[in-house]
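So the structure is just underneath, and the comments pick up after that.
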Amino acid sequence: MPEDVEVEVEETEDEKTDTKLEAQANDEDKGKGDKKGPPPGSPRWEEIYWKAKEGERALKEAEDLRKQLEFERSTMNAIKEHNKALADVVGKFTQVVDEKKTDDVMRTYETEMSKLLDAKKAAKESLDFTLESQIDERIMDMKIALRDMKKQASAPKAEPKKEVADDIPADERAVYDAWIAENEWFRNDPKMRKAAIDTELQLRKDPDYKYATVDEILGEVKKTVEEKFANKEKAGKPKMGYVEGAGLSAGNKPNTIKLTPQEVEIAKGLQISPEDYAKQKLFISRQRGEMKRI
72 MPEDVEVEVE
82 ETEDEKTDTK
92 LEAQANDEDK
102 GKGDKKGPPP
112 GSPRWEEIYW
122 KAKEGERALK
132 EAEDLRKQLE
142 FERSTMNAIK
152 EHNKALADVV
162 GKFTQVVDEK
172 KTDDVMRTYE
182 TEMSKLLDAK
192 KAAKESLDFT
202 LESQIDERIM
212 DMKIALRDMK
222 KQASAPKAEP
232 KKEVADDIPA
242 DERAVYDAWI
252 AENEWFRNDP
262 KMRKAAIDTE
272 LQLRKDPDYK
282 YATVDEILGE
292 VKKTVEEKFA
302 NKEKAGKPKM
312 GYVEGAGLSA
322 GNKPNTIKLT
332 PQEVEIAKGL
342 QISPEDYAKQ
352 KLFISRQRGE
362 MKRI
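Start counting at 1 in the sequence shown, then tack on 71, and there's your number in this note's numbering.
Here it is in structure tokens:
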């Protein structure tokens with residue numbers, strides 16, 4: 072039986088040389104694949120590489136432009152929302168204030184009409200027919216002005232051209248009415264009124280007041296504005312306990328009398344100067360004093 076024999080083939084010198092060259096070529100190919108960027112000495116790969124870089128730069132510029140456009144769009148939307156909110160707040164306050172002013176003036180006219188009738192009675196009893204005639208003329212002028220005012224108040228109003236509807240819900244309207252009636256400075260002081268409107272607008276944009284009620288917002292408006300104009304509110308209001316003739320005091324000059332802002336408005340409505348109105352009021356006050364002493 073033949074024995075197992077291991078056979079080994081010996082390579083010739085030419086075959087060894089070919090094997091070494093093949094291994095060296097494989098190593099060079101691997102080294103080329105591991106390098107970053109284009110292989111040196113290859114114009115085609117240089118061209119591809121720089122075109123890819125240019126594409127990356129163009130994509131980055133496009134992304135930056137997109138972000139800028141989005142920012143500008145969001146800014147414009149914020150400005151539009153701000154203007155819309157401002158118009159809404161101003162519309163609400165203006166609507167309520169105009170109606171309140173008309174009601175206040177009408178009530179003041181009616182009160183002064185009653186006073187003039189009393190003055191006419193006093194003039195008649197004192198046989199001052201000249202004064203009685205003057206009072207009659209003013210009463211007639213006042214009646215005409217009051218009639219025209221009532222007619223204007225009852226006439227249908229044209230809808231204002233606004234981008235924002237100024238309809239106020241019934242419950243909010245009642246709160247605004249009560250608040251404006253309570254705060255006389257809002258009707259009489261334009262600067263304080265503007266400050267109140269600006270303050271409400273800021274509060275409505277404040278996230279902390281997102282779910283606040285109208286009562287809470289107006290309460291904060293009142294607190295903020297009155298603290299800012301602490302002295303103005305006192306100066307704009309008549310002194311408590313003021314009665315007709317109370318302007319005559321020991322510290323004032325002779326024949327001096329004070330007029331309330333409402334009386335100044337009445338004098339303008341009667342187309343007479345505040346000085347003439349004050350003189351007439353002083354005369355009536357003295358006549359009443361003399362009648363009481365009799």
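Quick reminder that beta carbons are idealized off the backbone N, C-alpha and C, glycines included.
Remember, it's a predicted structure, so these values are computed and weren't measured experimentally.
Thinking C-alpha only, which one of the options is nearest residue i?
| i | options | result |
| --- | --- | --- |
| P332 | K294, D135, A129 and E255 | E255 |
| D207 | Y282, L217, L289 and L188 | L188 |
| L217 | F142, E181, L202 and D248 | E181 |
| D286 | W116, A266 and E253 | E253 |
| V335 | E203, T179 and T146 | T179 |
| K276 | E132, D347, E152 and L353 | E152 |
| L353 | A266, K221, K186 and A245 | K186 |
| D174 | I150, L140, E297 and K222 | K222 |
| A266 | V292, R244, V246 and D248 | V292 |
Within 10 angstroms of its Cβ, does residue i collect 16 or more other Cβ (buried), or is it exposed?
| i | result |
| --- | --- |
| F200 | exposed |
| A338 | buried |
| W250 | buried |
| D260 | buried |
| F257 | buried |
| T270 | buried |
| A321 | Summary for A321: the model assigns pLDDT 40, below 50, so the residue's position carries little reliability; its value from the coordinates is reported in the next sentence. Its Cβ having fewer than 16 others within 10 Å, A321 is exposed. |
| K214 | exposed |
| Q351 | buried |
| K191 | buried |
| M263 | buried |
| A133 | exposed |
| E346 | exposed |
| E125 | exposed |
| Y282 | exposed |
| M311 | Residue placement at M311 cannot be trusted, given a pLDDT of 40 that sits under 50; what the coordinates show is reported in the next sentence. With fewer than 16 other Cβ atoms within 10 Å, it is exposed. |
| L198 | exposed |
| L202 | buried |
| I355 | buried |
| A301 | exposed |
| E127 | exposed |
| E315 | In this prediction, E315 scores a pLDDT of 41, lower than 50, which makes its location untrustworthy; the coordinate-derived value is nonetheless stated afterwards. Exposed: under 16 other Cβ atoms inside 10 Å. |
| E118 | exposed |
If residue i and residue j are in contact, beta carbons under 8 Å, what's the gap, nearest whole angstrom?
| i | j | result |
| --- | --- | --- |
| I35 | Y280 | Absent from the structure is residue 35, since the part of the chain shown begins at 72 and ends at 365. |
| R209 | L341 | 6 Å |
| M220 | V176 | 7 Å |
Compare the C-beta of residue i with all C-beta atoms of chain D and state if any pair is closer than 8 Å.
| i | result |
| --- | --- |
| E271 | As a matter of chain content, chain D is missing from the structure shown, which is built from one protein chain. |
Check your understanding: Fully enclosed by the segment 243 to 276, which alpha helix (DSSP H) runs are 4 residues long or longer?
Key -> 255 to 259 and 261 to 276
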